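Before any comments, here is the structure.
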Amino acid sequence: MAPPDVVQRIEQLRHLINYHNYRYYVLAQPEISDEEYDLLFRELQQLEQQYPELITPDSPTQRVGAPPAEGFAKARHPEPMLSLDNVTSSEELWAWRERFMKLLPQGTQVSYVVEPKIDGLTVVLHYENGLFTLGATRGDGFVGEDITNNLRTIRSLPLRIPLDPDGPPPPARLVVRGEAYISNADFERFRAEQEKLGHKFTSPRNTAAGALRNLDPKVAASRPLDLFLYHIVVIEGAESPPATQWEALHYLRDLGFPVALDYCRHFDDSEFDALIQYCVDWVNEKDRLPFVVDGLVIKIDELALHDVLGHVGRVPRWAVAFKYPAEQAITRLLDIVVEVGRTGVLTPRAVLEPVFLAGATISSATLHNEDYIIEKDIRIGDMVIIRRAGEVIPQVLGPVKALRTGEEKVWRMPQTCPSCGEPVVRYPGEVAYYCENTACPAQLVRRVAYFASRPAMDIEGFGPKQAKLLCDKGFIKEIADIYTLKAHREELLALEGYGEKKVTNLLNAIEASKQQPVTRVLTAVGIRFVGPIIAQLLLDHFRSIDALAQASEEDLAAIEGVGPRIAQSVRAWFSHPANQRTIARLRSYGLQMALPEEKPEPDALPLAGMTFVITGTLPSWTREEAKAIIQQYGGKVTNSVSRRTSYLLVGENPGSKLQKAQQLGVPTMTEEDLRAMIGLQ
Ligand SMILES: [Zn+2]
Numbered sequence: 037m038a039p040p041d042v043v044q045r046i047e048q049l050r051h052l053i054n055y056h057n058y059r060y061y062v063l064a065q066p067e068i069s070d071e072e073y074d075l076l077f078r079e080l081q082q083l084e085q086q087y088p089e090l091i092t093p094d095s096p097t098q099r100v101g102a103p104p105a106e107g108f109a110k111a112r113h114p115e116p117m118l119s120l121d122n123v124t125s126s127e128e129l130w131a132w133r134e135r136f137m138k139l140l141p142q143g144t145q146v147s148y149v150v151e152p153k154i155d156g157l158t159v160v161l162h163y164e165n166g167l168f169t170l171g172a173t174r175g176d177g178f179v180g181e182d183i184t185n186n187l188r189t190i191r192s193l194p195l196r197i198p199l200d201p202d203g204p205p206p207p208a209r210l211v212v213r214g215e216a217y218i219s220n221a222d223f224e225r226f227r228a229e230q231e232k233l234g235h236k237f238t239s240p241r242n243t244a245a246g247a248l249r250n251l252d253p254k255v256a257a258s259r260p261l262d263l264f265l266y267h268i269v270v271i272e273g274a275e276s277p278p279a280t281q282w283e284a285l286h287y288l289r290d291l292g293f294p295v296a297l298d299y300c301r302h303f304d305d306s307e308f309d310a311l312i313q314y315c316v317d318w319v320n321e322k323d324r325l326p327f328v329v330d331g332l333v334i335k336i337d338e339l340a341l342h343d344v345l346g347h348v349g350r351v352p353r354w355a356v357a358f359k360y361p362a363e364q365a366i367t368r369l370l371d372i373v374v375e376v377g378r379t380g381v382l383t384p385r386a387v388l389e390p391v392f393l394a395g396a397t398i399s400s401a402t403l404h405n406e407d408y409i410i411e412k413d414i415r416i417g418d419m420v421i422i423r424r425a426g427e428v429i430p431q432v433l434g435p436v437k438a439l440r441t442g443e444e445k446v447w448r449m450p451q452t453c454p455s456c457g458e459p460v461v462r463y464p465g466e467v468a469y470y471c472e473n474t475a476c477p478a479q480l481v482r483r484v485a486y487f488a489s490r491p492a493m494d495i496e497g498f499g500p501k502q503a504k505l506l507c508d509k510g511f512i513k514e515i516a517d518i519y520t521l522k523a524h525r526e527e528l529l530a531l532e533g534y535g536e537k538k539v540t541n542l543l544n545a546i547e548a549s550k551q552q553p554v555t556r557v558l559t560a561v562g563i564r565f566v567g568p569i570i571a572q573l574l575l576d577h578f579r580s581i582d583a584l585a586q587a588s589e590e591d592l593a594a595i596e597g598v599g600p601r602i603a604q605s606v607r608a609w610f611s612h613p614a615n616q617r618t619i620a621r622l623r624s625y626g627l628q629m630a631l632p633e634e635k636p637e638p639d640a641l642p643l644a645g646m647t648f649v650i651t652g653t654l655p656s657w658t659r660e661e662a663k664a665i666i667q668q669y670g671g672k673v674t675n676s677v678s679r680r681t682s683y684l685l686v687g688e689n690p691g692s693k694l695q696k697a698q699q700l701g702v703p704t705m706t707e708e709d710l711r712a713m714i715g716l717q
């Protein structure tokens, strides 16, 4: 007995597939990509294989195509238009060969033709005594639509055969199967032209199918349709009908049909290995072809064997389609978890119901960022389409909204870091959230390595390798622990490659780094956007880390060279209690927390605002030295005495300046007086 949720799922899939069949085949307005459609179809096939009792005659898997659209006349095919079994691996190709070989007498001569499987719209063309009389779509495999008038617009379709009067004489009746398509180059041109007119076309295949299934032949005439024929369905009254598929392809070409012979290959059974290699290697060729293909078709060349082998169900035994492994799958999104990268960026990751895809079991995929999840409206519990191309991390392309039950949950980025629990921030113009906690375990190694690096504390012999080792050993749990490493001296000596000299050098270098200027300390703690230059700029203004820590976002943003982004980042960083603890610890170990005391401001100097004139020989200073000292303490020195002169500095043998000063009432002073005034011994 099938579980109820399987029954429900099968019904849901049938409903969906029927709906999309209708959009695709009847309206020629598909809503989902061919890949998405295939995924739904394959899932239904798999479930029905598992629970055959649930197969009903009206299941979409039980018919080959879709019913003819109302409006076209129906055209019954002289023989069912079969579809092919798909294989995706060399093992399956060998298995296919083994299956039909068992049905053939020992020693039967077998060879193969390998043809490209062009991704277009299947067409069936009828010729009576060389005249094109009817063209039909494949429809449901038994009855198609009469699209003769649309097909007539395709210029490569011969309206009479042979095209060349010297070609083979026409058979009394010929029915051929082929594929109508639009080449990549033609499609690109057409798409670009149409886009200017506001029309959107998504793929060559849909564009071709839409045109041929339009009731107005003018639509088909306006599109760059082309054709390849590849299979003789019926041939009557031919002089010497082809005996092999290889001959048939040449015969069709000689009659004037477009045939993809340039892309077809013939292999003997003894070359089956080479045939498989050709199929496998072809994955690299397919994208270089001038048209879209979705695989290769391998056919037994001997047409007589086709009749011998027949078909099983609606699938012939004498041919198989080789497709490249699916790169997309559909599965359930069980949960979204957040991971913290080494740089503190928070990345949402999809937890998936395990699904086999492109050679691996996938249970996890990337979701990029919160905006992506919102934009695609991805919810926990959704059936999602995932893609895996090559070795890259699988990604979630989006939900299949039609499969929603209403139980799905909308997800938003948590506001705290899953690694350390501190609040996370997002900067204007960025999609990512960051954890800026200096002590966040997820970021420890990178933060420690950065702290010790050349632009930061520049600790000799302390690179990323050492950072990783010391963190892994548990000696460093946050960056401030670098300064307690000396407590682990014995354990360090026990590490491989850490001799007495190396450990001593490392610990000495750490000790010496305490003298590094505060600019390096501010750089080293790793505030986002604050490198050495911004650190210098901030400290020129605030002079100490304490003052900087008190600054408001407005104060910070007002500094030239510091934008709102840096201001927000600095403010956010200092408001983390964990970061405040880091600063406190670094201070307690003796690191520099402020710029050194400098000359006070000019108006605080003892001689500020005073003007001096010097006369005579001073006891210990030359004129030049006296001038420099006065200037150093904020005073000015001029050459002549005026009412604005504050003091006349008088030495031995003064000149006329003394007289002038006395006349103007300018006070005089000795070198000793000046020394006392500025506190200089
Ligand atoms: Zn964190």
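Reading the sequence shown from the start, the letters are residues 37 to 717 in the working numbering. Built from N, CA and C at the ideal position, the CB exists for glycine as well. Since the structure is predicted, the reported quantities are computational estimates derived from the model, not experimental observations.
Checklist entry - Would Leu291 pass as a contact of Pro198 if the rule is Cβ separation under 8 Å? => result yes
Next on the checklist: Considering only DSSP beta bridges, list what Gln364 is partnered with.
Outcome noted: Arg423
Next on the checklist: Using only Cβ atoms and a threshold of 7 Å, which residues come within that distance of a heavy atom of ligand 3? Order them by chain position.
Outcome noted: Within the structure as shown, ligand 3 is missing, the only ligands being ligand 1.
Checklist entry - For the region 90-171, which segments carrying the alpha helix (DSSP H) assignment without a break, of at least 4 residues, lie completely within its bounds, in sequence order? => result 126-139
Next on the checklist: Could you give the first and the last residue of the continuous alpha helix (DSSP H) run that contains Ser399?
Outcome noted: From DSSP, Ser399 is part of no alpha helix (DSSP H) but of the beta strand (DSSP E) over 396-402.
Next on the checklist: Output needed for Ile546: all residues of its chain with C-beta closer than 8 Å, excluding positions within five of it in sequence on either side, in chain order.
Outcome noted: Ile495, Phe498, Ile518, Tyr519, Leu521, Lys522
Checklist entry - For Phe487, is the classification buried or exposed, using 16 other Cβ atoms within 10 angstroms of its Cβ as the cut-off for buried? => result buried
Item to check | Pairwise C-alpha distance: Thr402 and Asp74 | outcome: 23 Å
Checklist entry - Which partner residues does Tyr749 have in the DSSP bridge list? => result A question about residue 749 goes unanswered here, because the residues of the chain that appear run from 37 up to 717.
Next on the checklist: Quick check on DSSP: helix, strand or coil for Cys456?
Outcome noted: coil
Item to check | Whole-Å CB distance - Arg556 paired with Met493, under 8 Å assumed | outcome: 6 Å
Checklist entry - Do you know offhand how far Trp447's Cα is from Tyr469's? => result 15 Å
Checklist entry - CA-CA distance, Met117 and Arg462? => result 58 Å
Next on the checklist: Do Leu120 and Leu80 have their beta-carbon atoms positioned less than 8 Å apart in this structure?
Outcome noted: no
Item to check | Alpha carbon of Val179 to alpha carbon of Gly214, nearest angstrom | outcome: 16 Å
Checklist entry - Can you tell me whether Gln479 is buried or exposed, with buried defined as 16 or more other CB within 10 angstroms of its CB? => result buried
Checklist entry - Does DSSP put Met713 in a helix, in a strand, or in coil? => result helix
Checklist entry - What distance in whole Å lies between the Cβ atoms of Lys504 and Thr124, which are believed to be in contact at a cut-off of 8 Å? => result The pair is not a contact, with the Cβ atoms about 42 Å apart (cut-off 8 Å).
Checklist entry - What do you get for His267, buried or exposed, if any count of 16 or more other CB atoms within 10 angstroms of its CB means buried? => result buried
Checklist entry - Exposed or buried, Ala620, counting other C-beta atoms within 10 Å across all chains shown (16 or more means buried)? => result exposed
Item to check | Exposure of Gln44, with buried meaning 16 or more beta-carbon neighbours within 10 Å | outcome: exposed
Checklist entry - Taking the DSSP output, what are the residues bridged to Tyr683? => result Phe648
Item to check | Per-residue burial, Asn541 [other beta carbons within 10 Å of its own, 16 or more giving buried] | outcome: exposed
Next on the checklist: Quick check on this structure: which residue in Pro435, Pro390, Arg424, Leu575 has the alpha carbon closest to the alpha carbon of Glu411?
Outcome noted: Pro435
Checklist entry - What span of residues does the alpha helix (DSSP H) with Cys507 cover, start to end? => result 500-508
Item to check | Exposure label - Ser676; buried when at least 16 CB within 10 Å | outcome: exposed
Item to check | Opening and closing residue of the alpha helix (DSSP H) in which Gln699 lies | outcome: 692-700
Checklist entry - Which residues does DSSP pair with Val255 in a beta bridge? => result Paired residues: none, contrary to the question.
Next on the checklist: Which residues does DSSP list as the beta-bridge partners of Glu231?
Outcome noted: DSSP, once it has assigned bridges, lists no residue as partnering Glu231.
Checklist entry - Exposed or buried, Val467, counting other C-beta atoms within 10 Å across all chains shown (16 or more means buried)? => result exposed
Item to check | Rounded straight-line distance, which links the Cα of Ala587 to that of Ile665 | outcome: 37 Å
Checklist entry - Among Leu161, Ala357, Val673, which residue has its Cα nearest to the Cα of Val727? => result With the chain covering 37 to 717 only, the question about residue 727 has no answer from this structure.
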